[in-house]
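Have a look at the structure below before the remarks.
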Amino acid sequence: MDFVAIDFEKLNDSHLSVCEVGLVVFKNGKEVEHYHSYINPVGGLERNDWARKNLFHISDKMLLEAPSYDKVFHDMQYLIQDKILVAHSKGADLNYIYRLEEHFNLPKLYSKWVDTRDIARSVGADESLPGLYLQCFETILPEHHKALEDARACGQIFEFISSQFDVRHFIHEEEYLPSNEKGYCDGFTSRHTQFGTANVAVEGLVFNHNQITSCSYFKGKTVVLSGMSNNDKNRIKSILDSIGAKCTSSLSKKTNVFITSRVVGPSKKPQAIQLQKETGLLVITDEYFWKLVR
């Protein structure tokens, strides 16, 4: 079976903070090619505690000199083509791909995928990458949290499990959608991106990305931030303050723009929907905001 194993590392809680990628191509049971790149992450170089402890092999200088995701995308696309993409934990790696495709308005990277964690769960094996690797090969996973090594380990695990079990029913032949996007995308003729005509969510909230095309729009506007980490809020607020926007904590009829994560909290969603109808409130995601400031 021909496939490509992939792994990403990221700096903080944002899915856009991907800073390293590794891909390993397997053909007829053997590794035949690999690809590795550091990535200049969207939103800056701030690290969370996990990244500070585990990504010590990646310096800020390396990231500042690295290409952005849209630049390495085409190299990745060339390697993957129509092969199966194998990841360990779709909620991580495939989620990052989805969000980055939205952010950079990129085409789909892959058409078929497998999650080795799903397979491990189905057979009662250890679901962690190091634990599953140890069970398969009775040795410690080398250099965990280095993207190329983790991608290689993921591919080796999939090859090993494929030799023991029939894994064909674990191969998905459609794009992976984050769980909160499945209902959101239902009924649309094309895949949702953050560009072009605004799309309406099932719940009735409209994302107005086509109406805000530059950061200068925020000057003199009243903006509310919600649904993101305090660190991300503070970073966005700092940028908005420098532009001349006024940031407040509560939605009101004076609010011009609502910047939120994709999953809008239940306390603000009904009010935001109502204000869109009454006052023309504009709503964008934090991911789209970072696209504007690139």
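Under this note's numbering, the sequence shown has 928 at position 226, and the numbering climbs by one with no breaks.
By construction, the Cβ of each residue, glycine as well, lies at the ideal position given by its N, Cα and C atoms.
Bear in mind the structure is a predicted one, so any value in this text is a computation, not a measurement.
Separation of residue j from residue i, as counted between CA atoms
{"i": "V727", "j": "C917", "result": "41 Å"}
{"i": "D784", "j": "S719", "result": "26 Å"}
{"i": "G826", "j": "H874", "result": "21 Å"}
{"i": "R801", "j": "V788", "result": "18 Å"}
{"i": "K979", "j": "L953", "result": "14 Å"}
{"i": "L879", "j": "S940", "result": "32 Å"}
{"i": "M703", "j": "R854", "result": "15 Å"}
{"i": "F991", "j": "E735", "result": "36 Å"}
{"i": "P972", "j": "S951", "result": "16 Å"}
{"i": "L927", "j": "T987", "result": "10 Å"}
{"i": "M778", "j": "N807", "result": "16 Å"}
{"i": "L977", "j": "H717", "result": "28 Å"}
{"i": "S963", "j": "K755", "result": "26 Å"}
{"i": "F909", "j": "A974", "result": "11 Å"}
{"i": "V985", "j": "Y740", "result": "32 Å"}
{"i": "A753", "j": "I914", "result": "33 Å"}
{"i": "V966", "j": "K935", "result": "15 Å"}
{"i": "K993", "j": "S761", "result": "23 Å"}
{"i": "I799", "j": "Y771", "result": "10 Å"}
{"i": "R893", "j": "Y780", "result": "Note that R893 scores a pLDDT of 43, beneath 50, so its modelled location is shaky; the value from the coordinates is reported in the next line. Between R893 and Y780, the C-alpha separation is close to 22 Å."}
{"i": "F897", "j": "H911", "result": "Because the pLDDT at F897 is just 33, under 50, the model does not fix this residue reliably, and the value given afterwards should be weighed accordingly. One C-alpha to the other measures close to 6 Å."}
{"i": "C949", "j": "T981", "result": "18 Å"}
{"i": "E748", "j": "E877", "result": "30 Å"}
{"i": "C856", "j": "V925", "result": "43 Å"}
{"i": "A958", "j": "R937", "result": "Sequence inspection shows Asn at residue 958; the Ala mentioned does not correspond to that position. In a straight line, the C-alpha of N958 is about 19 Å away from that of R937."}
Buried/exposed call for residue i, threshold 16 Cβ in 10 Å
{"i": "Q858", "result": "buried"}
{"i": "E722", "result": "buried"}
{"i": "E989", "result": "buried"}
{"i": "V774", "result": "buried"}
{"i": "Y737", "result": "buried"}
{"i": "G724", "result": "buried"}
{"i": "I786", "result": "buried"}
{"i": "F867", "result": "exposed"}
{"i": "D852", "result": "buried"}
{"i": "R870", "result": "exposed"}
{"i": "R819", "result": "buried"}
{"i": "H847", "result": "buried"}
{"i": "D943", "result": "exposed"}
{"i": "R823", "result": "exposed"}
{"i": "R996", "result": "exposed"}
{"i": "N932", "result": "exposed"}
{"i": "L831", "result": "buried"}
Nearest neighbour of residue i, chosen from the options [CA to CA]
{"i": "A768", "options": "R754, Y990, G746", "result": "G746"}
{"i": "K956", "options": "I741, S963, Y798, G922", "result": "G922"}
{"i": "M764", "options": "N742, L781, S928, V995", "result": "N742"}
{"i": "L836", "options": "I863, S761, L811", "result": "I863"}
{"i": "F758", "options": "D715, G793, E877, A849", "result": "A849"}
{"i": "N714", "options": "G982, G833, S739, D751", "result": "D751"}
{"i": "F920", "options": "M930, G946, R819, R937", "result": "G946"}
{"i": "I821", "options": "L983, E804, S791", "result": "S791"}
{"i": "V744", "options": "E804, G833, P809", "result": "E804"}
{"i": "E711", "options": "D795, E861, S865, L983", "result": "D795"}
{"i": "M930", "options": "L834, I961, G833, G982", "result": "I961"}
{"i": "H776", "options": "K810, E845, K732", "result": "K810"}
{"i": "E861", "options": "L834, I938, E845", "result": "L834"}
{"i": "I907", "options": "L983, G793, D828", "result": "According to the sequence as given, residue 907 is Leu; it is not Ile. Among L983, G793, D828, the Cα nearest to that of L907 belongs to L983."}
In DSSP terms, what residue i is bridged to
{"i": "C949", "result": "V925"}
{"i": "A707", "result": "V726, V788"}
{"i": "L984", "result": "V959"}
{"i": "S739", "result": "V723"}
{"i": "K773", "result": "None, per the DSSP bridge assignment."}
{"i": "D817", "result": "A789"}
With a cut-off of 8 Å, do at least 3 Cβ pairs link the region 839-852 to the region 808-826?
no
Contact the region 725-745 vs the region 706-717: 3+ CB pairs below 8 Å:
yes
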